[in-house]
Amino acid sequence: MQINGVNMQPGAAEYPRNQWYVAAFSTEVTREPMHRTLFGEPIVFYRTEAGDPVALFDRCPHRGMRLSNGGVLFGDTIQCHYHGIRFNAEGRACLIPSGGVPTSALAVRRYPLKEIGGWIWIWPGDAEQVDESLIPDHDALGLTAPGFHAYHGLVLTANSNYLFSLENLVDATHISFLHHGLIDDGNVAAHPYACHQDGVRVTMVREFSNEVIAPMVARSMGLKGTRADRTLELISYAPNVCVVRQCFVETDSEDKARRDSRLVFGITPTGPRSCIQFVALANDYENTHPGIFEDLRHLLMEDVVALDDIQILFDQLGQGRAPEVAVRSDEGAIRTRRLIAAQVAQEREKAKVLA
Ligand code: FES
Ligand SMILES: [Fe+2]
1093 MQINGVNMQP GAAEYPRNQW YVAAFSTEVT REPMHRTLFG EPIVFYRTEA GDPVALFDRC
1153 PHRGMRLSNG GVLFGDTIQC HYHGIRFNAE GRACLIPSGG VPTSALAVRR YPLKEIGGWI
1213 WIWPGDAEQV DESLIPDHDA LGLTAPGFHA YHGLVLTANS NYLFSLENLV DATHISFLHH
1273 GLIDDGNVAA HPYACHQDGV RVTMVREFSN EVIAPMVARS MGLKGTRADR TLELISYAPN
1333 VCVVRQCFVE TDSEDKARRD SRLVFGITPT GPRSCIQFVA LANDYENTHP GIFEDLRHLL
1393 MEDVVALDDI QILFDQLGQG RAPEVAVRSD EGAIRTRRLI AAQVAQEREK AKVLA
């Protein structure tokens, strides 16, 4: 599917580069260099002595060694393990043990980062166009909202195009089938929904009355009752964030407990046909279930396995023959797709003007 000249068919969908993407949880980036491939590029992450996160292209410009492969930190610099050249946090060589003055060519790309609410965001595009206002409001996500408790998190790798993951999260109807019995009784798919769009945000809302609380939900939210009113909101922020928000109000218990729980996903392409799902949890109550992330991993891997299989079929058939026909409930996914296509198209236009 082409939109504005942008390939938006999941399986080979394009994505904008002048945007912020989740690169890591804060806890993953330490004084020990860490490699992660994102956007098809090798990147090394570490922290300066002051604690600031750093991301550099992970390939030494001298002979191509990965800086993360045995690289050692000296102060804020990283020393390549092959011939010992050191690079500062800006990516410029600052010491050549074998002699000579570092030239400007002896440098690696530095990626702009922003650390907020336990997440490290990266800007893979043109550093001249960095725009912090494009990062979603973390209070609105729930990660830094007053009265909310945030928990990090899962790092799930998928061997499928990022758009499969993003659209999967805006599509509630699969809950009734792919996850049958885990988080509801199968009554989501046929339930009416409303779809709202506000800027880059698309929301699909479903309201349920006095429904049976699924055991996994009761366990993860510490609910004692057996029935509740429930609001299910699936909120996408083009091009890469999705929030699955569930609000429960018990209807058959004495205290009529209320719970607002948000699963916050950052979907980051690692290549044209692979991505990482970073998953955090934000609740308006303290989590009391120690196995919450294991339960979530079990649930979310059902999606990852299905999406990876769809990708295999897509690659076997090729773009022209891979089936993809939208139905009414795909409205949120299609709107999100259009927003991303507009972002890519706009980026291309701007590049033409700057060229
Ligand atoms: S390859 Fe890194 S210093 Fe030679
Ligand atoms: Fe799912």
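Sequential numbering of the sequence shown, starting at 1093, is according to the numbering used here. Idealized CB from N, CA, C, for every residue including glycine.
Note the first and the last residue of the continuous alpha helix (DSSP H) segment covering residue i.
i: Gly1363; result: That residue, Gly1363, is in no alpha helix (DSSP H); its beta strand (DSSP E) goes Arg1350 to Gly1363.
i: Ser1257; result: Tyr1254 to Val1262
i: Leu1233; result: His1230 to Leu1233
Residue i to residue j, Cα distance in whole Å?
i: Leu1274; j: Gly1410; result: 34 Å
i: Ala1282; j: Leu1324; result: 14 Å
i: Trp1211; j: Ala1115; result: 8 Å
i: Ile1177; j: Ser1196; result: 14 Å
i: Leu1148; j: Lys1206; result: 14 Å
i: Asp1276; j: Ala1320; result: 12 Å
i: Ser1225; j: Trp1112; result: 10 Å
i: Ile1384; j: Val1247; result: 14 Å
i: Val1309; j: Leu1315; result: 8 Å
i: His1288; j: Arg1123; result: 43 Å
i: Phe1240; j: Ile1404; result: 39 Å
i: Ser1301; j: Pro1238; result: 28 Å
i: Gln1094; j: Gln1408; result: 20 Å
i: Asp1168; j: Arg1389; result: 36 Å
i: Trp1215; j: Thr1360; result: 11 Å
i: Glu1423; j: Val1262; result: 9 Å
i: Ala1105; j: His1271; result: 26 Å
i: Asn1096; j: Val1336; result: 29 Å
i: Ala1330; j: Phe1137; result: 25 Å
i: Ala1349; j: Gly1278; result: 23 Å
i: Pro1134; j: Ala1181; result: 16 Å
i: Val1523; j: Phe1179; result: The structure shown does not extend to residue 1523, since the chain is modelled only from 1093 through 1447, so no value can be given for it.
i: Ser1118; j: Thr1140; result: 13 Å
i: Gln1435; j: Gln1221; result: 14 Å
i: Gln1171; j: Ala1185; result: 9 Å
i: Pro1194; j: Met1100; result: 43 Å
i: Thr1249; j: Gly1192; result: 42 Å
i: Asn1260; j: Ile1227; result: 22 Å
i: Pro1382; j: Arg1322; result: 24 Å
i: Met1296; j: Thr1265; result: 11 Å
i: Arg1430; j: Gly1156; result: 39 Å
i: Ala1232; j: Gly1291; result: 14 Å
Which whole-angstrom value is the C-beta distance of residue i and residue j, which I expect to be below 8 Å?
i: Asp1150; j: Ser1160; result: 5 Å
i: Ser1252; j: Arg1365; result: 6 Å
i: Val1371; j: Leu1355; result: 6 Å
i: Gln1369; j: Phe1357; result: 6 Å
i: Leu1187; j: Pro1125; result: Contact flag wrong, Cβ pair sits at about 17 Å.
i: Asp1218; j: Asn1110; result: 6 Å
i: Asp1376; j: Ser1312; result: With a Cβ gap of about 14 Å, Asp1376 and Ser1312 do not count as contacting.
i: Lys1439; j: Pro1108; result: Note that residue 1439 is Glu in the sequence shown, not Lys. Between Pro1108 and Glu1439 the Cβ distance is about 5 Å, and since that is below 8 Å, they are a contact.
i: His1173; j: Gly1163; result: 6 Å
i: Gly1317; j: Asp1352; result: 16 Å between Cβ atoms; not a contact.
i: Gly1183; j: Arg1158; result: Not confirmed; about 14 Å, so no contact.
i: Ala1433; j: Val1098; result: 4 Å
i: Leu1258; j: Cys1334; result: 6 Å
i: Asn1379; j: Tyr1243; result: 6 Å
i: Ala1418; j: Leu1235; result: With a Cβ gap of about 31 Å, Ala1418 and Leu1235 do not count as contacting.
i: Thr1428; j: Val1304; result: Not confirmed; about 30 Å, so no contact.
i: Pro1102; j: Phe1256; result: 5 Å
Going by DSSP in three states, residue i sits in which element: helix, strand or coil?
i: Leu1315; result: coil
i: Tyr1138; result: strand
i: Thr1295; result: strand
i: Pro1331; result: coil
i: Glu1448; result: With the chain covering only 1093 through 1447, there is no way to say anything about residue 1448.
i: Val1371; result: strand
i: His1266; result: helix
i: His1127; result: strand
i: His1536; result: This structure gives no information on residue 1536, because the portion of the chain shown stretches from 1093 to 1447.
i: Pro1415; result: coil
i: Pro1238; result: coil
i: Glu1448; result: Lying before the first or after the last residue shown, residue 1448 is absent from the chain, which here runs from 1093 to 1447.
i: Glu1120; result: helix
i: Gln1221; result: helix
i: Arg1202; result: strand
i: Arg1178; result: strand
So residue i is in the beta strand (DSSP E); what residue range does that whole segment cover?
i: Ile1214; result: Trp1211 to Ile1214
i: Met1393; result: Met1393 -> not in any beta strand (DSSP E); alpha helix (DSSP H) instead, spanning Ile1384 to Leu1409.
i: Thr1249; result: His1241 to Ala1250
i: Thr1428; result: Where Thr1428 is concerned, there is no enclosing beta strand (DSSP E), although the alpha helix (DSSP H) it sits in stretches over Glu1423 to Leu1446.
i: Leu1187; result: Ala1185 to Leu1187
i: Gln1171; result: Thr1169 to Gln1171
i: Val1146; result: Pro1145 to Phe1149
i: Ile1208; result: Leu1205 to Ile1208
i: Val1164; result: Val1164 to Phe1166
Verify the contact flag: residue i, CB atom, against every heavy atom of ligand 3, threshold strictly below 7 Å.
i: Tyr1377; result: Annotation note on ligand 3: not contained in the displayed structure, which lists ligand 1 and ligand 2 as its ligands.
Quick check: is the beta carbon of residue i nearer than 8 Å to any beta carbon in chain C?
i: Val1098; result: In the displayed structure, chain C is absent; only one protein chain is listed.
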